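Visitor: With this note's numbering applied, the sequence shown covers 448 to 1328. In this text, a Cβ means the ideal position worked out from N, Cα and C, and glycines have one as well. Bear in mind the structure is a predicted one, so any value in this text is a computation, not a measurement. Here you go, one structure.
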Amino acid sequence: MAPNATGPAAAANDLLPVVPLFGARILYPGVVLRLSLRDGDAFARLDDNALVACVPVVPSPPPASAAPASGDGAENQDADAPSSSKALVPRPKGTHSPEQGRQHAVTSDQLAEYGCLGRIVKTVRARIGPVHGSIVLVEGLTRVHVDFISAHADPRQLYASVSLLYDSDIPDTDTNLANKVTAVRQTALALVAHLQSSLSASAVRDLRALLQSAPADQLSFALVGLAELSADDRITLLSQDLPDRLDLILTSLRRRLDAVNLAASIRDKVGDTLSKKQRELLLRQQLEVIKKELGELDGSGGMNSRDAGNDDVRDLEQRLADGKYPVHVVQHVEKDLKRAKAMNPAMAEYHTLLNHADWMLSLPWTTVSPDAMDLGAARAQLDADHHGLEPVKTRILEFLAVRKLRDALHGPILCLHGPPGVGKTSLGKSIAAAMGRQFARIALGGVRDEAELRGHRRTYVGAMPGVVVQTLKKAGTRNPVILLDEIDKLGRDPMRGDPAAALLEILDPEQNAHFTDHYLNVPLDLSQVLFVATCNSLDTIPRPLLDRMEVIDLPGYTPSEKTAIAATLLAKQHERHGLPANTVRIDPDAMQHLLFNYTREAGVRNLERSLATICRAVAVEFVGWRDQQTVAIATPERGESAKAPPFTKTVRVADLRDLLGGPKYDDDVYLRTMVPGLAVGLAYTGLGTGSVLFVEATQYPGKGRLQLTGQLGKVLQESGHLALTWLRTHAHALGLVATASDLLWADRDVHVHLPAGAVAKDGPSAGVTLATALVSLALGVPVRRGVAMTGELTLRGDVLPVGGIVEKALAAHRMHLHTLVLPERNRKDADEIPKEVRDELTIVFCAHLSQVLRVALDTPPTLTLPDVDVGATVRYYAPKL
């Protein structure tokens, strides 16, 4: 709209600073506007009574993707014109807009064409958020037309040339305009009367006074807030003359009055007084009344079509009628569906009820998988999947035998304890296959929240059942085999409960028949579930939880077992790498070299990786050979046979270096020169494997002190001091000092070191090894090659039992050690050592350190102690010394 003032319109003599107004904060004539300005704003430095041009900022145009498709005449539209319907200020030629990324910068093409001339009434210093600024009161004087925007050195400040627009008084002869003013006042008074219940008494009084006293030319500006004009209409109001402004404000007032009347009518129809149950149905009643007003209801007041949510309710009702569920489940589901029917589907609780009912109907309350009762077939299945592991196979067959004799039998809770790579996780699948049951796995490693096991209560947003209930739903039966993998790696968070404590109810045969998930809130029978847990260490499992499980130890594989397993693994690698069967063959010597020099481990994971590496290398050779055969078949004139023998690759010891690189392990026990002060011990690692541990001792001039190094724990350090004390106590009996009162190494310091200093070591089982190394150092006699020992030592020289005997024996066998010295009270544990390993070891049981020294040292010392029968040493075989 061009400037069309009814009164005199004169251009301002000077350029006025432009104050951009954002959003709904627009200055109108007769209105005082409060602005919060920061010190960085250029117009914050203006003095009182200064004149400014307050111009609204037009909202940003929609993105190009949202613009309507071009129609007729679209090709004539200026490509640079903004898409907003509001007129924008023209930019003079040759000028450039300020940098768009600069903070507080407003370009001229963002300003509307009309604004308001304002006068700064008062400026007060104040803190605006985290920065300092000013509170500025600006009084609107008259409407203006922005003729021209001038560029300025400061890009944050624009100046404008404006034309002043005035509205003349209403002539007495213009009855049409006078009627519009009257209609606006009456409509506004009616709207205030309807809104007075939600407004304060002072606000109602001020509004009525304003409507009576406001002049006609400012009346539309004073009613902008009451009419709830949109942002576009607020800007348009500045560009219109008096009649058009009155029409716009009257239309908006009547629109809001109709909306207020409709809302009041709805409240009257619903009822002003609601009981407790009626309050619960408030939203649904209002929705029905609104739809009736819109004509979406029939004459009887019922809906033409049910909500989509009611279809879900009917589906759940049909599932409940078709399925077989316990009585308490039926009662809970019916209660949920009854409450859902009385609710508006838009309510959050409506979906919570339906989700709960869906979970209740999805669980296998009565579905049971029949157990395979053929013990021979079960044994064959276990043997086909895993080599060895006799304790686990025997326990499963025992369970099936008892299950065959007695139907009502609680499922056992097994805990497979062993080092990584021995097949604990895959054994769970084999157990399920042998029993004919469904298999499911729950990974417990790193679980820190109790709710992950027991579920979240339905009061939480996004609540869902725990992993046990989810696993039962996935399995589809109430008696699956559930593998609780890595149970020893459960976390604990003081803020989220203890997951290990939550497992107590799940794994307790006396309680899990009535397990209650927090989400379901109904008893769930877990007594028919066969739980199989796996762990690498028993130390991190709480004692109450460990007491509820039947622990089955799985030691590492022997070389013969690994050789048998390698054949199966090699066949799998053929299939994974696309090689024909029997393409890769490994020489027996190469297999032993692979086991002892490349994959020295308790399990077979590294062995499988090594076989995969070999197969990949052979695959390259096989593809090249096959390509050559293809060329030979295509060119028979070369005289080559059309059918060559199948490709095979036999891997020998010499090939392993080319395929796998150099050996990763050496027989360092034999590479070391057995000198006085060096002894070989055995350790049990936190991963459930055994390892060989070296102890080195030396002495040098000093003050009789002992130094221990090798990242040793407190218990292991105490064992070192105890060993030195025993040696000094019996130095005279060993012939190391002249009299019993003399102190051994009084003027010498002793340094004991355990290599592999980056590995933490602790425990009492190195006591006899430390003492043997010190005695060897003191006597100048080396320890016999191939002898390893373990046992806890007391001050009296007694050898106490230790743990991990089987794993330590396997470690000694892997290192080609031939003599193993064990505590006498560990005799019962030696029976669990695999027979093929036991047959290749000389196992000596000792009750006192003097017996250990007699076996370990090349030249045993003459040491006679009271109450010690040195000749009582017991061996499986004669020692090979």
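So, is E1271 buried or exposed, given that buried needs 16 or more other C-beta atoms within 10 angstroms?
Guide: Residue mapping note: residue 1271 aligns to position 824 of the sequence shown, counting from 1. Counting Cβ neighbours within 10 Å, E1271 comes out buried, since at least 16 surround it.
Visitor: Apply the 10 Å Cβ neighbour rule to R761 and answer buried if 16 or more other Cβ atoms are within range, or exposed otherwise.
Guide: For the purposes of this step, residue 761 is taken as the residue at position 314 of the sequence shown. The residue is exposed, with fewer than 16 neighbouring Cβ atoms inside 10 Å.
Visitor: Check for me: the beta strand (DSSP E) holding T570 runs from which residue to which?
Guide: In the sequence shown, counting from the first residue as 1, residue 570 sits at position 123. That run of the beta strand (DSSP E) goes Y561 to I575.
Visitor: Which one of F978, N959 and A887 has the shortest CA to CA distance from P970?
Guide: In the sequence shown, residue 970 corresponds to position 523, counting from 1. Closest option to P970, Cα to Cα, is N959.
Visitor: Apart from the five residues on each side of it in sequence, which residues of its chain come closer than 6 Å, Cβ to Cβ, to A1130?
Guide: The residue given as residue 1130 occupies position 683 in the sequence shown. Excluding sequence neighbours, A1130 sits near S1138 and L1140.
Visitor: So Y797 is in the alpha helix (DSSP H); what residue range does that whole segment cover?
Guide: Along the sequence shown, read from residue 1 onward, the residue named residue 797 stands at position 350. Here the alpha helix (DSSP H) through Y797 covers A795 to S809.
Visitor: So what does W1236 bridge to, in DSSP terms?
Guide: As a working mapping, residue 1236 is identified with position 789 in the sequence shown. What sits at residue 1236 in the sequence shown is Met, not Trp. Answer is G1128 and V1268.
Visitor: How close, in whole Å, do the beta carbons of V502 and P464 come, if the pair is a contact with beta carbons under 8 Å?
Guide: Here the question's residue 502 lines up with position 55 in the sequence shown. Here the question's residue 464 lines up with position 17 in the sequence shown. About 11 Å; that fails the 8 Å criterion.
Visitor: With 16 other CB atoms within 10 Å as the buried threshold, where does M942 fall?
Guide: Working through the sequence shown from its first residue, we reach residue 942 at position 495. Exposed, by the Cβ-count rule.
Visitor: If we count the other Cβ atoms within 10 Å of its Cβ and call it buried at 16 or more, is G746 buried or exposed?
Guide: Sequence index remark: in the sequence shown, residue 746 carries index 299 (1-based). In this prediction, G746 scores a pLDDT of 46, lower than 50, which makes its location untrustworthy; no coordinate-derived value is stated.
Visitor: Could you check where the alpha helix (DSSP H) with L948 kicks off and where it finishes?
Guide: Taking the first residue of the sequence shown as 1, we reach residue 948 at position 501. Before going further, note that residue 948 is Ala rather than Leu in the sequence given. Taken as a continuous stretch (DSSP letters only), the alpha helix (DSSP H) holding A948 covers P946 to L954.
Visitor: Can you tell me the Cα-Cα spacing of I889 and T918, whole angstroms?
Guide: Sequence index remark: in the sequence shown, residue 889 carries index 442 (1-based). Sequence index remark: in the sequence shown, residue 918 carries index 471 (1-based). Straight-line Cα distance between these residues: approximately 8 Å.
Visitor: Between K1161 and K921, what straight-line distance do the alpha-carbon atoms span, to the nearest angstrom?
Guide: The count along the sequence shown starts at 1 and reaches residue 1161 at position 714. The count along the sequence shown starts at 1 and reaches residue 921 at position 474. Approximately 48 Å between the Cα atoms of the pair.
Visitor: Starting from K876, trace the alpha helix (DSSP H) both ways and give me its first and last residue.
Guide: As a working mapping, residue 876 is identified with position 429 in the sequence shown. Taken as a continuous stretch (DSSP letters only), the alpha helix (DSSP H) holding K876 covers K871 to M882.
Visitor: Can you tell me whether R1184 is helix, strand or coil according to DSSP?
Guide: Position 737 of the sequence shown, counted from the start, is the residue given in the question as residue 1184. Looking at the sequence shown, residue 1184 is not Arg but Val. Looking at V1184 - three-state DSSP - the assignment turns out to be coil, as it is neither helix nor strand.
Visitor: Alpha carbon to alpha carbon, what distance is there between R590 and E614?
Guide: Translated into positions along the sequence shown, residue 614 becomes position 167. Translated into positions along the sequence shown, residue 590 becomes position 143. A small correction: the amino acid at residue 614 is Asp; Glu does not occupy that position in the sequence shown. The straight-line gap from Cα to Cα measures roughly 9 Å.
Visitor: For A1029, is the classification buried or exposed, using 16 other Cβ atoms within 10 angstroms of its Cβ as the cut-off for buried?
Guide: Translated into the one-based positions of the sequence shown, residue 1029 becomes position 582. As written in the sequence, residue 1029 is Asn, which differs from the Ala given in the question. That one is exposed.
Visitor: Here's a check: name, in chain order, each residue in its chain whose Cβ is nearer than 8 Å to the Cβ of G1167, leaving out the five neighbours to either side.
Guide: For this step, residue 1167 is matched to residue 720 along the sequence shown. Closer than 8 Å at the Cβ level, and outside the excluded window around G1167, lie L1153, L1155, L1159, V1199 and L1217.
Visitor: Smallest Cα separation from Q885: which of R1052, D830, H961 and L977?
Guide: Along the sequence shown, read from residue 1 onward, the residue named residue 885 stands at position 438. Taking only the C-alpha atoms, the option nearest Q885 is L977.
Visitor: Pairs of beta-carbons, one from the segment 470-478 and one from the segment 662-680, closer than 8 Å: are there three or more?
Guide: Counting Cβ pairs under 8 Å, three or more are found: they touch.
Visitor: Compare the C-alpha of H1021 against each of R1056, T1005, T1046 and R990 and name the closest.
Guide: Locating residue 1021 in the sequence shown gives position 574, where the first residue counts as 1. Minimum Cα distance to H1021 is reached at R1056.
Visitor: So, for G1233: in the same chain, excluding its five sequence neighbours on each side, which residues have a beta-carbon less than 7 Å away from its beta-carbon?
Guide: Here residue 1233 refers to the residue found at position 786 of the sequence shown. Correct list, in chain order: L1264, H1265 and T1266.
Visitor: How far does the beta strand (DSSP E) with R590 in it extend, from its first residue to its last?
Guide: Working through the sequence shown from its first residue, we reach residue 590 at position 143. Here the beta strand (DSSP E) through R590 covers V578 to S597.
Visitor: Taking the continuous beta strand (DSSP E) assigned at T1156, which residues delimit it?
Guide: Taking the sequence shown and counting its residues from 1, one reaches residue 1156 at position 709. Looking at the DSSP string, the run of the beta strand (DSSP E) that includes T1156 is L1153 to T1156.
Visitor: Hey, could you find the ends of the alpha helix (DSSP H) P1381 is sitting in?
Guide: Because the chain spans 448 through 1328 in this model, residue 1381 falls outside it and cannot be assessed.
Visitor: Please classify D994 as buried or exposed, where buried requires at least 16 neighbouring CB atoms within 10 angstroms.
Guide: Looking up residue 994 in the sequence shown gives position 547. Its Cβ having fewer than 16 others within 10 Å, D994 is exposed.
Visitor: Measuring straight from C-alpha to C-alpha, what distance separates L1001 and G870?
Guide: Along the sequence shown, read from residue 1 onward, the residue named residue 1001 stands at position 554. Along the sequence shown, read from residue 1 onward, the residue named residue 870 stands at position 423. For L1001 and G870, the distance between alpha carbons rounds to 9 Å.
Visitor: Taking L954 and L900 to be in contact with their CB atoms under 8 Å, please state how far apart those CB atoms are, rounded to whole angstroms.
Guide: Position 507 of the sequence shown, counted from the start, is the residue given in the question as residue 954. Position 453 of the sequence shown, counted from the start, is the residue given in the question as residue 900. Contact doesn't hold; Cβ gap of about 11 Å is too wide.
Visitor: From H803 to L967, what does the alpha carbon distance come to, in whole angstroms?
Guide: Working through the sequence shown from its first residue, we reach residue 803 at position 356. Working through the sequence shown from its first residue, we reach residue 967 at position 520. Whole-angstrom Cα-Cα distance: 7 Å.
Visitor: Is DSSP giving D1245 helix, strand or coil here?
Guide: The residue you call residue 1245 lines up with position 798 of the sequence shown. Of the three classes helix, strand and coil, the one that applies to D1245 here is strand, per DSSP.
Visitor: Considering F1141, what are the terminal residues of the beta strand (DSSP E) in which it resides?
Guide: Here residue 1141 corresponds to residue number 694 of the sequence shown, with the count starting at 1. F1141 -> beta strand (DSSP E) spans G1137 to P1148.
Visitor: I'd like to know if the segment 1290-1304 and the segment 1238-1250 are in contact, where contact means that at least 3 CB-CB pairs between them fall below 8 Å.
Guide: The answer is yes - the segment 1238-1250 touches the segment 1290-1304, with three or more Cβ pairs under 8 Å.
Visitor: Any contact between the segment 857-867 and the segment 974-993? By contact I mean 3 or more CB pairs, one from each, below 8 Å.
Guide: Yes, they touch.
Visitor: Would DSSP call A1220 helix, strand or coil?
Guide: Looking up residue 1220 in the sequence shown gives position 773. Three-state DSSP puts A1220 in a helix.
Visitor: Count the other CB atoms within 10 Å of the CB of L689; is the residue buried (16 or more) or exposed (fewer)?
Guide: Residue 689 sits at position 242 when you count from the first residue of the sequence shown. With 16 or more Cβ atoms within 10 Å of its Cβ, L689 is classed as buried.
Visitor: Counting along the chain, where does the alpha helix (DSSP H) carrying H775 start and finish?
Guide: The residue you call residue 775 lines up with position 328 of the sequence shown. First-last of the alpha helix (DSSP H) with H775: V774 to K788.
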